[in-house]
Amino acid sequence: KEQMSFLQLIYDNFARAITSFLSAKLRLSVQISVISIEQVTYGEFTNSISAPSIMVIHDMNPLHGEGIMEIQPSLVFCMLDRLLGGCGVGTIENRTLTEIESTIIKQLTQQMLGISREAWENVIDLKPHVELIEYNPQFAQIVSPSEMVILISLAVNFADTEGTLNICLPFIVLEPILDKMSVHNWFVKGSKEDDPQQRHLLEQQIESMAVPVTVVLGRTSIVVRELLDLQVGDVVLIDRKTDEDIDVYIDVCRKFTAKPGRRNSYLAAQITDFVGKGGTSFE
212 KEQMSFLQLI
222 YDNFARAITS
232 FLSAKLRLSV
242 QISVISIEQV
252 TYGEFTNSIS
262 APSIMVIHDM
272 NPLHGEGIME
282 IQPSLVFCML
292 DRLLGGCGVG
302 TIENRTLTEI
312 ESTIIKQLTQ
322 QMLGISREAW
332 ENVIDLKPHV
342 ELIEYNPQFA
352 QIVSPSEMVI
362 LISLAVNFAD
372 TEGTLNICLP
382 FIVLEPILDK
392 MSVHNWFVKG
402 SKEDDPQQRH
412 LLEQQIESMA
422 VPVTVVLGRT
432 SIVVRELLDL
442 QVGDVVLIDR
452 KTDEDIDVYI
462 DVCRKFTAKP
472 GRRNSYLAAQ
482 ITDFVGKGGT
492 SFE
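Dropping the structure here:
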């Protein structure tokens, strides 16, 4: 249906925007993509969720009714760990959130809902607001179990953690704007010039992102027996001479060459050249 194609556009756009937002917020490389968009009954949705879960119930103002943003606990606890100063590898616990944790997640998801507002702006000026967090799917009865809902599932990956973020929108809530949910309408209204303020905000978010930098001194190959026999003081020959430049990788791409050295009490690398656009992949 045309409405499903329209929703694919909306949430592909949302996934890209929220990737930038969370990458800046968590200072980690975050990947988010749409897995599926399907029509199911609300009962099928709630029955697929294990308790305790993190179900953020929000209104759909100016539409009448509520929606749900359900985030797997594995993602939530890793986000909390990162936001509270950790490395983003939180312990997955089978429990509800503390009052402080709940406040942090409400604030974070409210910002995420603000991004969804931008994704919908070509159709309606949504002003969603977080109402509460529910942990038991059976208590989160925003519509009857037999009501049809749109279920948007997004894959989220960061800091070696993978999980799913589900967005549940009751069909009855979207009914007043179904006639506006067309791909043509989205492109016509979306053809306006870029908002300089939004562009500046995105640039700020990108500039504050943390990216992994790897310096590779050299490479070599040894057999397993040699590896097992290695001891402190052994010398391993690599494929670089002492006067040759070494490689610097940004994430998984080779971007620079450098000279190894020291700065104060730290090992360091002085950039000598730029590899070029794209670079080569880290192997």
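Position one of the sequence shown corresponds to residue 212 (the numbering used here), numbered consecutively onward.
Cβ coordinates follow ideal geometry from the N, Cα and C atoms, glycine included.
For clarity, every value in this text was computed on a predicted model and none was experimentally measured.
{"query": "Reduced DSSP category for I265 - H, G, I as helix; E, B as strand; rest coil", "result": "strand"}
{"query": "Range covered by the alpha helix (DSSP H) that runs through T373", "result": "The identity of residue 373 in the sequence shown is Glu, whereas the question assumes Thr. Counting along the chain, E373 falls outside any alpha helix (DSSP H), though it belongs to the beta strand (DSSP E) covering 372 to 381."}
{"query": "Reference I248, options L319, D454, Q214, closest by Cα", "result": "Q214"}
{"query": "Other residues of its chain near I326: CB distance less than 8 Å, five sequence neighbours each side excluded", "result": "F225, A228, I229, F232"}
{"query": "Buried/exposed call for R474, threshold 16 Cβ in 10 Å", "result": "exposed"}
{"query": "M280 (DSSP reduced to helix, strand or coil)", "result": "strand"}
{"query": "Supposed close pair N377, E304 - CB separation, criterion 8 Å", "result": "In fact, because the Cβ distance is near 20 Å, the residues do not count as touching under 8 Å."}
{"query": "Whether D456 touches K470 by CB criterion (8 Å)", "result": "yes"}
{"query": "Contact check, L291 vs I268, beta carbons under 8 Å", "result": "no"}
{"query": "Length of the line joining the Cα atoms of W331 and C379", "result": "15 Å"}
{"query": "Distance CB(R328)-CB(K338) smaller than 8 Å", "result": "yes"}
{"query": "Which residues DSSP lists as bridging G254, in chain order", "result": "None, per the DSSP bridge assignment."}
{"query": "For S364: DSSP bridge partner residues", "result": "S247, N377"}
{"query": "Own chain, CB closer than 8 Å to C298, minus 5 neighbours either side, in chain order", "result": "D292, A370"}
{"query": "DSSP state of R474 mapped onto helix, strand, coil", "result": "strand"}
{"query": "Validate contact between the segment 339 to 356 and the segment 252 to 266 using beta carbons, cut 8 Å, 3 pairs", "result": "yes"}
{"query": "Environment of I449 [buried if 16+ CB atoms lie within 10 Å]", "result": "exposed"}
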